[in-house]
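Protein sequences appear in the order of chains W and L.
Counting in my numbering, the first sequence runs from 153 upward without gaps.
Counting in my numbering, the second sequence runs from 153 upward without gaps.
We put the beta carbon where it would ideally sit given N, CA and C, even for glycine.
All of these numbers come straight from a predicted model, not from anything done at the bench.
Number of protein chains: 2
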Amino acid sequence: MTAISKRCSAMQASPIRKLVPLANEAKARGISVYHLNIGQPDIPTPVGYWNAMKDSLPDVLCYGPSQGLLILREAISKYYSRDGITIDTDEIIITTGGSEAVFFAFMTTCDPGDEVICFEPFYTNYNGFATMAGITLVPVTSNVENGFHLPSAATIESKITDKTRAILICSPNNPTGTVLSASELDTLSSIVQKHDLYLLSDEVYRDFVFDGGSHFSTLQLPGIEDRVVVMDSISKRFSSCGARLGNMISRNKKLMEAALKLGQARLCPPTMAQYGAAWIYHHLTADYYTNIQTTYQNRRDLLIRELSDVEGTFFLKPEGAFYATIKLPVKDADKFASWMLTDFDLNGETTMVAPAAGFYATPGLGLDQIRIAYVLSDEKMKKALMVLKEGLKVYMETVN
Amino acid sequence: MTAISKRCSAMQASPIRKLVPLANEAKARGISVYHLNIGQPDIPTPVGYWNAMKDSLPDVLCYGPSQGLLILREAISKYYSRDGITIDTDEIIITTGGSEAVFFAFMTTCDPGDEVICFEPFYTNYNGFATMAGITLVPVTSNVENGFHLPSAATIESKITDKTRAILICSPNNPTGTVLSASELDTLSSIVQKHDLYLLSDEVYRDFVFDGGSHFSTLQLPGIEDRVVVMDSISKRFSSCGARLGNMISRNKKLMEAALKLGQARLCPPTMAQYGAAWIYHHLTADYYTNIQTTYQNRRDLLIRELSDVEGTFFLKPEGAFYATIKLPVKDADKFASWMLTDFDLNGETTMVAPAAGFYATPGLGLDQIRIAYVLSDEKMKKALMVLKEGLKVYMETVN
Numbered sequence: 153m154t155a156i157s158k159r160c161s162a163m164q165a166s167p168i169r170k171l172v173p174l175a176n177e178a179k180a181r182g183i184s185v186y187h188l189n190i191g192q193p194d195i196p197t198p199v200g201y202w203n204a205m206k207d208s209l210p211d212v213l214c215y216g217p218s219q220g221l222l223i224l225r226e227a228i229s230k231y232y233s234r235d236g237i238t239i240d241t242d243e244i245i246i247t248t249g250g251s252e253a254v255f256f257a258f259m260t261t262c263d264p265g266d267e268v269i270c271f272e273p274f275y276t277n278y279n280g281f282a283t284m285a286g287i288t289l290v291p292v293t294s295n296v297e298n299g300f301h302l303p304s305a306a307t308i309e310s311k312i313t314d315k316t317r318a319i320l321i322c323s324p325n326n327p328t329g330t331v332l333s334a335s336e337l338d339t340l341s342s343i344v345q346k347h348d349l350y351l352l353s354d355e356v357y358r359d360f361v362f363d364g365g366s367h368f369s370t371l372q373l374p375g376i377e378d379r380v381v382v383m384d385s386i387s388k389r390f391s392s393c394g395a396r397l398g399n400m401i402s403r404n405k406k407l408m409e410a411a412l413k414l415g416q417a418r419l420c421p422p423t424m425a426q427y428g429a430a431w432i433y434h435h436l437t438a439d440y441y442t443n444i445q446t447t448y449q450n451r452r453d454l455l456i457r458e459l460s461d462v463e464g465t466f467f468l469k470p471e472g473a474f475y476a477t478i479k480l481p482v483k484d485a486d487k488f489a490s491w492m493l494t495d496f497d498l499n500g501e502t503t504m505v506a507p508a509a510g511f512y513a514t515p516g517l518g519l520d521q522i523r524i525a526y527v528l529s530d531e532k533m534k535k536a537l538m539v540l541k542e543g544l545k546v547y548m549e550t551v552n
Numbered sequence: 153m154t155a156i157s158k159r160c161s162a163m164q165a166s167p168i169r170k171l172v173p174l175a176n177e178a179k180a181r182g183i184s185v186y187h188l189n190i191g192q193p194d195i196p197t198p199v200g201y202w203n204a205m206k207d208s209l210p211d212v213l214c215y216g217p218s219q220g221l222l223i224l225r226e227a228i229s230k231y232y233s234r235d236g237i238t239i240d241t242d243e244i245i246i247t248t249g250g251s252e253a254v255f256f257a258f259m260t261t262c263d264p265g266d267e268v269i270c271f272e273p274f275y276t277n278y279n280g281f282a283t284m285a286g287i288t289l290v291p292v293t294s295n296v297e298n299g300f301h302l303p304s305a306a307t308i309e310s311k312i313t314d315k316t317r318a319i320l321i322c323s324p325n326n327p328t329g330t331v332l333s334a335s336e337l338d339t340l341s342s343i344v345q346k347h348d349l350y351l352l353s354d355e356v357y358r359d360f361v362f363d364g365g366s367h368f369s370t371l372q373l374p375g376i377e378d379r380v381v382v383m384d385s386i387s388k389r390f391s392s393c394g395a396r397l398g399n400m401i402s403r404n405k406k407l408m409e410a411a412l413k414l415g416q417a418r419l420c421p422p423t424m425a426q427y428g429a430a431w432i433y434h435h436l437t438a439d440y441y442t443n444i445q446t447t448y449q450n451r452r453d454l455l456i457r458e459l460s461d462v463e464g465t466f467f468l469k470p471e472g473a474f475y476a477t478i479k480l481p482v483k484d485a486d487k488f489a490s491w492m493l494t495d496f497d498l499n500g501e502t503t504m505v506a507p508a509a510g511f512y513a514t515p516g517l518g519l520d521q522i523r524i525a526y527v528l529s530d531e532k533m534k535k536a537l538m539v540l541k542e543g544l545k546v547y548m549e550t551v552n
């Protein structure tokens, strides 16, 4: 049999999805599985999304513009103006999910062999796009002890080489829930200016900041307008993961021209979803955003309450998004997460979590950590966490 | 300003879309433009597509499986069984457009620096995906004089090096309309076996074969089951370019596992469109396929009638798809196509075509050729061609 490419052979399977076969086997045995392993929101997609699509049905489902429909780019521009951020429609390219925005950001800023600094643990799918783009993600480790905030500028700068082209951040963060402070962003701004780098900023969770805090976008950093590339998505904000719509924003015209060439190669993002998304961006009021913020904040609080009394677990209060990366008293969280699916149930129910090691690039880190996505209703969350706690107890007594 | 990646700087703009700004300027001057430049079918998307979507609206627009919804993979399997081709649902990955299928095929079969042999002129967007995958497309030239059929095995084999990983074909062909014969496919089969290569086969136009001919799929070639990767799309077959749904098919299990890892990185293809596509594949009858075949064949015949009397033009009868690559009596078809938009109109109307040079990889080839997509109604096609002929006449008298 003729060989598969080395780069694909070397790719890791998604730590978010790799336990899915075990979950399916559990379900086949009649066990009900609470999914805390994947960031799939349970909040209904706004009904206006569907109505706008139904109102826009064409005779022929045509290609749209490669940079995305103007009505959607206008709507996104208006969405940013709400926060006092001015973005021109030509500074936006609609992408097929936030995923494609990440890929385009890597492709336009880096050549093969170039390096991008990122902070581990990080959204594991960056790895796949790094492989596709032929670049190397160079990890700087952040720690559970200080809530995964950034290490010192000196630590970050120590990783910069002549191949470094960009620093990649995600705030509010997946998988940690950490929100970078204005001061941390200022530090990054100084570093990218000093070393002539791009700042690639995944702001997918920008509307999920808790405790009255507000999100400070890299688009608001003065003096590095040409260096900032924002990657965004409607998946989490509007509970529409299956739409596959995101966008890439940059004020760097040459970079956007380059991204558009990539966009032309794949012709266009999905057409109908853009009508739905444009309607949402135009019409949702502040209430909507307040509501999702409150909902997830309450769930975060529930998570903290439920896990605070579990011996050996540790995490600081997540400041945003809907994730927490949690240290457990186990040696191998991968084994524990698998065991929960293969060997444990409480009255026919079990809980699925994502082992965190896959979110680290440095081998051996995060082995005792899991990521939880708090994307279930309060009632389900309570049950899911109760099952998880009971499972952990049994595991510690019998396996670990 | 910090630099853009070299690979993106080096990418060519799409020859199909690069004249769009000129077309927009013409429209702004009040001129009506016939679009023969892009393969955007005008036949209505089957109404069942929309109804199936409307019947499937969920509360939450969730991620689907990375390999695509099972109902769609089952429907595609059934579609192939119509032609006596047995494809298991695990041998299909649903992709975001045929575009992503091409990218996945390159990524899974090639490492950076590897080579893929293709036959120029070829679908220009292969270039973009080759850039993204870091591979080199090595052109073997086919000629207008013999209707762009394959050159000899010896000519093809002369391009094989130790970096060659695959041969890429497209039949029925974009941009030429050529349909490879069973004998040509047998030749390719022998070559890929002899040299341990993959055969990457773009079969997007497999339902568009004229004059009673039938499409012979690479999936039917005995002995190279593990070497064949088919790239497909619903865009043309079901007039649903904006859905962004395609699929990749291979019986090579390791290759499909590798492709699934790429699929997991980008999470999933668009969810709602898959419900629509599944319905279409399941329910459309032979009448539908016969009808689109007849419609495009009639347009092909109209094209031949209209252009047969134009001195200096040359092309053989296209055997399928809905394109023709036509030699004109001009020196620079790019200049002519631009001139049609900037300097010519006939009673307020002009015609847009795609210069063919961009479909060649070898510099200097195809300069006197254009690609026409015959995707307009008979009435519009007649007018578009009349305007084109008149424009060509004026151009030859005044500019060329």
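Asked	Found
Check the DSSP bridge columns for residue 186 of chain L and list the partner residues they point to.	L:503
Chain W partners of residue 286 of chain L, CB-CB under 7 Å?	264 and 286
In terms of residues, what are the limits of the alpha helix (DSSP H) holding residue 456 of chain W?	438-459
For a contact meaning CB atoms closer than 9 Å, what does residue 212 of chain W contact in chain L?	192, 193, 194, 195, 196, 197, 391, 392, 393 and 394
Is the separation between the beta-carbon of residue 327 of chain W and that of residue 360 of chain W shorter than 8 Å?	no
When you compare the CB of residue 289 of chain W with every CB in chain L, is at least one pair closer than 8 Å?	no
Distance cutoff 8 Å, beta carbons only. Does residue 249 of chain W sit that close to anything in chain L?	yes
Report the rounded CA-to-CA distance for residue 505 of chain L versus residue 251 of chain L, giving the unit in angstroms.	22 Å
Leaving aside the five residues before and after residue 318 of chain W along the sequence, list all residues of the same chain whose C-beta is less than 6 Å from its C-beta, in chain order.	261, 268, 349, 350 and 352
With the cut-off set at 8 Å, would you say residue 280 of chain L and residue 264 of chain W are in Cβ contact?	no
Mapping the DSSP letters down to three states, classify residue 382 of chain L as helix, strand or coil.	strand
Listing by chain order, which chain C residues have their CB less than 9 Å from the CB of residue 156 of chain W?	You won't find chain C in this structure, because its protein chains are W and L.
How about residue 219 of chain L: is its C-beta nearer than 8 Å to some C-beta of chain W?	no
Is DSSP giving residue 463 of chain W helix, strand or coil here?	coil
Is it buried or exposed for residue 374 of chain L, if we count other Cβ within 10 angstroms and need 16 for buried?	exposed
My parser needs the alpha helix (DSSP H) runs of 4 or more residues fully inside the region 233-290 of chain W; what are they?	249-261 and 277-285
Suppose contacts are defined by Cβ-Cβ distances below 8 Å. Is residue 241 of chain L in contact with residue 229 of chain L by that definition?	yes
Can you grab the Cα-Cα spacing for the pair residue 527 of chain L / residue 452 of chain L, in whole Å?	10 Å
Keeping to the same chain, check which residues put their C-beta closer than 7 Å to that of residue 313 of chain L; ignore five residues upstream and five downstream.	267
Taking the alpha carbon of residue 420 of chain W as the point to measure from, which residue in L:496, L:249, L:186 and L:303 has its own alpha carbon closest?	L:249
Quick test of the definition: if touching needs 3 or more C-beta pairs under 8 Å, does the region 287-301 of chain L touch the region 487-494 of chain L?	no
Which bits of chain W does residue 424 of chain L rub up against, with CB to CB less than 9 Å?	205, 394, 395, 422, 424 and 425
May I ask you to report which of helix, strand or coil DSSP gives residue 518 of chain L?	coil
Which whole-angstrom value is the C-beta distance of residue 347 of chain W and residue 307 of chain W, which I expect to be below 8 Å?	That pair is no contact at about 14 Å.
So, does the CB of residue 510 of chain L fall closer than 8 Å to a CB anywhere in chain W?	no
Can you say whether residue 515 of chain W is buried or exposed, counting buried as having 16 or more other CB atoms within 10 angstroms of its CB?	exposed
In terms of alpha-carbon separation, which member of L:370, L:457 and L:518 lies closest to residue 140 of chain L?	Past the boundaries of the shown model lies residue 140 of chain L; chain L is included only from 153 to 552, so the question cannot be answered.
Name, in chain order, the residues that DSSP records as bridge partners for residue 402 of chain W.	W:381
Alpha carbon to alpha carbon, how far is residue 404 of chain W from residue 344 of chain W? Give it in angstroms, no decimals.	15 Å
Kindly list the residues whose CB is nearer than 6 Å to the CB of residue 481 of chain L, restricted to its own chain and excluding five residues on each side of it in sequence; keep chain order.	464
At the level of alpha carbons, what is the spacing between residue 284 of chain W and residue 440 of chain W?	36 Å
If I follow the unbroken alpha helix (DSSP H) through residue 335 of chain W, where does it start and stop?	334-346
Starting from the Cα of residue 470 of chain W, find the closest Cα among W:431, W:523 and W:547 and give me that residue.	W:523
Between residue 210 of chain L and residue 435 of chain L, what straight-line distance do the alpha-carbon atoms span, to the nearest angstrom?	22 Å
Is there a C-beta anywhere in chain L that falls below 8 Å from the one on residue 280 of chain W?	yes
Within 7 Å: the Cβ of residue 461 of chain W and any heavy atom of the ligand SAH?	Because no ligand of any kind appears in the structure shown, any question about the ligand SAH cannot be addressed here.
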